[in-house]
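J.: Just passing along the structure, written as C-alpha cells.
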Amino acid sequence: DIQMTQSPSVLSASVGDRVTLNCKASQNINKYLNWYQQKLGEAPKLLIYNTNNLQTGIPSRFSGSGSGTDFTLTISSLQPEDFATYFCFQHNSWLTFGSGTKLEIK
Amino acid sequence: EVQLVESGGGLVKPGSSLKLSCVASGFTFSSYGMHWIRQAPKKGLEWIALIYYDSSNKYYADSVKGRFTISRDNSKNTLYLEMNSLRSEDTAMYYCAKDNIGTTLDYWGQGVMVTVSS
C-alpha cells in the first residue's frame, strides 16, 4: 500500500499569511494527488485534484504543485474561513489518505 | 447542487449488523461510481469500498472484506453499506462519496456515526 505522510500535523498562522502544507507519498503516484478541506461537522470539500487543478468554485488563493512523491498545497493569503483540517489523497494505486494538517489561528 | 445524505448509523454491540444508506441528488446517480470512506475517532481517513455505476464491479479494503457489502439502487438514487460481524475497530464516522473519472472523490456527504460497543 502507498503511505501518505503530511507535514506539519499542526500549523499555526494568521489571517493574511501565505502557508504551505506538505504531502509525501511512499512511492511515485504521478500526478494523482488531491487535496481536501474538512471542517468540523461538515462534508470534506475537494480543493485541488490531480496535483494542480482547482475544483470549480474554489478560490484562486488555493494552489497545488508537485510530482512523483512530493506535493504541496499553498494558500496565498489566509482568510478566516480557511482555518480547518486539510488532507491529501492519492488515487494512482488504490486509494489512500494522508493523516491531515490542522491549520489553526495563531 | 450535489448532495449526499447518509443515514442508518447508531450504537450497536460487537458481532451485530447495521445497514447504512446514502441518498444522492443533484447529479445523474446512475452514471457514477460511489465510495464509502470512514474515519475512526482521532484517526485518519480510510477508504473501504467502491461500486461501479452499474454495480458490475465492487472493491473492498482488506479490513472489511467478507464482512461489509456495498450495493446501490439506481432507481432510488441510493447507495448502501451492509455491515456484518461488527467489531469495536469499526467505530467511525462513515462517509459516502461520489466518484468522477480522473478526479475520484469529488463530493462527499456529511457522514454518519457508527459506534460498536458492548
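Those sequence lines, one after another, are chains W and A. So the first sequence is residues 70 to 175, counted in the numbering used here. So the second sequence is residues 13 to 130, counted in the numbering used here. Idealized CB from N, CA, C, for every residue including glycine.
Taking beta-carbon pairs under 9 Å, can you tell me which members of the segment 101-117 of chain A lie near chain W?
T.: Going along the segment 101-117 of chain A in chain order, one finds Y107, A109, N112, G114, T115, T116, L117 with a Cβ nearer than 9 Å to chain W.
J.: Below 9 Å on C-beta distance, what does G169 (chain W) contact in chain A?
T.: Position 100 of the first sequence, counted from the start, is the residue given in the question as residue 169 (chain W). Per Cβ cutoff of 9 Å: G56, L57.
J.: Is any beta-carbon of chain W found at less than 9 Å from that of Y119 (chain A)?
T.: Working through the second sequence from its first residue, we reach residue 119 (chain A) at position 107. Closer than 9 Å: yes.
J.: CA-CA distance, N91 (chain W) and A52 (chain A)?
T.: Within the first sequence, residue 91 (chain W) is the residue found at index 22, counting from 1. Within the second sequence, residue 52 (chain A) is the residue found at index 40, counting from 1. Rounded to whole angstroms, N91 (chain W) to A52 (chain A) spans 23 Å at the Cα level.
J.: Kindly give me the distance between the Cβ atoms of L62 (chain A) and G45 (chain A), rounded to whole angstroms, as I take these residues to be in contact under 8 Å.
T.: To locate residue 62 (chain A), count along the second sequence from 1; it is residue 50. To locate residue 45 (chain A), count along the second sequence from 1; it is residue 33. The Cβ separation is near 6 Å, so the contact holds.
J.: Assign S41 (chain A) to one of three DSSP states: helix, strand, or coil.
T.: Mapped onto the second sequence, residue 41 (chain A) falls at position 29. Residue 41 (chain A) is actually Phe in this sequence, not Ser. Residue state, collapsed to three classes: helix.
J.: Going by beta-carbon coordinates alone, are K55 (chain A) and A104 (chain A) separated by less than 9 Å?
T.: In the second sequence, the residue the question calls residue 55 (chain A) occupies position 43. In the second sequence, the residue the question calls residue 104 (chain A) occupies position 92. For K55 (chain A) and A104 (chain A), yes; Cβs fall inside 9 Å.
J.: Using 9 Å as the threshold, is the C-beta distance between K114 (chain W) and Q106 (chain W) below it?
T.: Position 45 of the first sequence, counted from the start, is the residue given in the question as residue 114 (chain W). Position 37 of the first sequence, counted from the start, is the residue given in the question as residue 106 (chain W). Result yes, Cβ atoms of K114 (chain W) and Q106 (chain W) sit closer than 9 Å.
J.: Scan the segment 141-164 of chain W for residues whose Cβ lies nearer than 8 Å to a Cβ of chain D and list them as they occur along the chain.
T.: Among the protein chains in the structure shown, which are W and A, there is no chain D.
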